[in-house]
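Participant: The opening residue of the sequence shown carries number 232 in our numbering; numbering runs sequentially from there. Think of the CB as a built atom: it goes at the ideal place given N, C-alpha and C, for glycine as much as any other residue.
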Amino acid sequence: MFDNQSILITGGTGSFGRKFIRTLLARHQPRRVVVFSRDELKQYEMQQEFNQPCMRFFLGDVRDGERLRQAMRGIDYVVHAAALKQVPAAEYNPTECIRTNVWGAENVINAAIESGVQKVIALSTDKAASPINLYGATKLLSDKLFVAANNITGGHITRFAVVRYGNVVGSRGSVVPLFRKLAQDGAPDLPITDVRMTRFWITLQQGVDFVLKNFARMHGGELFVPKIPSIRIVDLAQAMAPDKPHRVIGIRPGEKLHELMVPRDAAFQTIEFDDHYVIKPAILFTQPADFSRNQLNEAGKTVADDFEYSSETNPWFLTVDELIELDRADV
232 MFDNQSILIT GGTGSFGRKF IRTLLARHQP RRVVVFSRDE LKQYEMQQEF NQPCMRFFLG
292 DVRDGERLRQ AMRGIDYVVH AAALKQVPAA EYNPTECIRT NVWGAENVIN AAIESGVQKV
352 IALSTDKAAS PINLYGATKL LSDKLFVAAN NITGGHITRF AVVRYGNVVG SRGSVVPLFR
412 KLAQDGAPDL PITDVRMTRF WITLQQGVDF VLKNFARMHG GELFVPKIPS IRIVDLAQAM
472 APDKPHRVIG IRPGEKLHEL MVPRDAAFQT IEFDDHYVIK PAILFTQPAD FSRNQLNEAG
532 KTVADDFEYS SETNPWFLTV DELIELDRAD V
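1. Within its chain, find whatever has a CB closer than 7 Å to the CB of G242; leave out the 5 residues flanking it on each side and keep chain order.
2. Go through the region 386 to 451 residue by residue and report every complete run of the beta strand (DSSP E) that reaches 3 residues or more, in order.
3. Tell me whether T501 sits in a helix, a strand or coil according to DSSP, three-state version.
4. Look at the alpha carbon of V348 and the alpha carbon of I423, and state the distance between them as a whole number of angstroms.
5. Which whole-angstrom value describes the C-beta separation of E543 and H489, a residue pair presumed to lie in contact below a C-beta threshold of 8 Å?
6. Taking only three categories from DSSP, how would you classify S542?
7. Check D263 in the structure and name its three-state DSSP category.
8. Quick check on DSSP: helix, strand or coil for A353?
9. Under a three-way DSSP split, which group does R269 fall into?
10. Determine the DSSP secondary structure at R300, reduced to helix, strand or coil.
11. Quick one: give me the first and last residue of the alpha helix (DSSP H) that M471 is part of.
12. So, is I326 buried or exposed, given that buried needs 16 or more other C-beta atoms within 10 angstroms?
13. For P546, count neighbouring C-beta atoms within 10 Å of its own C-beta (all shown protein chains included) and say buried if the count is 16 or more, exposed if not.
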């Protein structure tokens, strides 16, 4: 569906953006691929790697609605990956996080509708489910904006959906590069926030594949959640540096012991498919869809009333050996 089409990705110079574009160019022949971001150095570096004629690089910030409208002219599909993501930084700089993650989301929505974009998928996070930190709260607001946007398109064709998943292996600012650097630098131990901590775990490639497939699946209004494994933070530390002891440093501001991707309160809206869940919108759209059957004709079923998808109670945990293999693969 992406051959001879134009695709724009906000925050396209980040870890996800690079993997998304590499995958897109390997599997499809797009007419244009537009990287929209505010970092000129990273754009310059990406131009050296991705020098195909279809590539375009737009300097801009999602806070700037007019610049987004300029960038989206003639665009068919949008992936919204731009966000301020660091939990402690958001706690200390709340207004900056709100301006990017909430106001920026609204700008993306308005620009997509005005430009006649066909489909938009916004990237979310497990921290948006029952959030306790500002980053998670802003992403929850963003999710709500993108879902509700399907009701304000009027006669326009634009449809919006959201993809939510957990920690991405090896992404910027994640614990894997930190542990790896400490091990390489000969640190005497590895810092552990809490020995009970668990997290959902997904590779960059799995995240990209999930987003690409959901463009074909979506009606508009869905919140897609992949079925992925959990990890224990102590197992990750053991896998990456088995010879180093652990030093408990305590939970950072705004951090949880365990993460949710589907809260129990959302069970009545949740449909289970073979490899993912869909949280259907709580509001009634002007163009209602049967969310139990997607555009690929995959059928799902409603979950139990007490269903909850938590990194703590997830039946699928990666073992230390599996984590070692993932680390060796450097995915």
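Facilitator: On the basis of the data shown:
1. G248, S268, A312, A313 and A314
2. 390 to 394, 421 to 423 and 429 to 433
3. strand
4. Cα-Cα distance, rounded: 44 Å.
5. 4 Å
6. Secondary structure of S542 (DSSP, three-state): coil.
7. The sequence as given places Arg at residue 263; Asp does not occur at that position. DSSP, reduced to helix, strand and coil, places R263 within a strand of the structure shown.
8. Note: A353 maps to strand in three-state DSSP.
9. Note: R269 maps to coil in three-state DSSP.
10. Correct three-state label for R300: helix.
11. I464 to M471
12. The question names Ile, but residue 326 is Thr in the sequence shown. That one is exposed.
13. With fewer than 16 other Cβ atoms within 10 Å, it is exposed.
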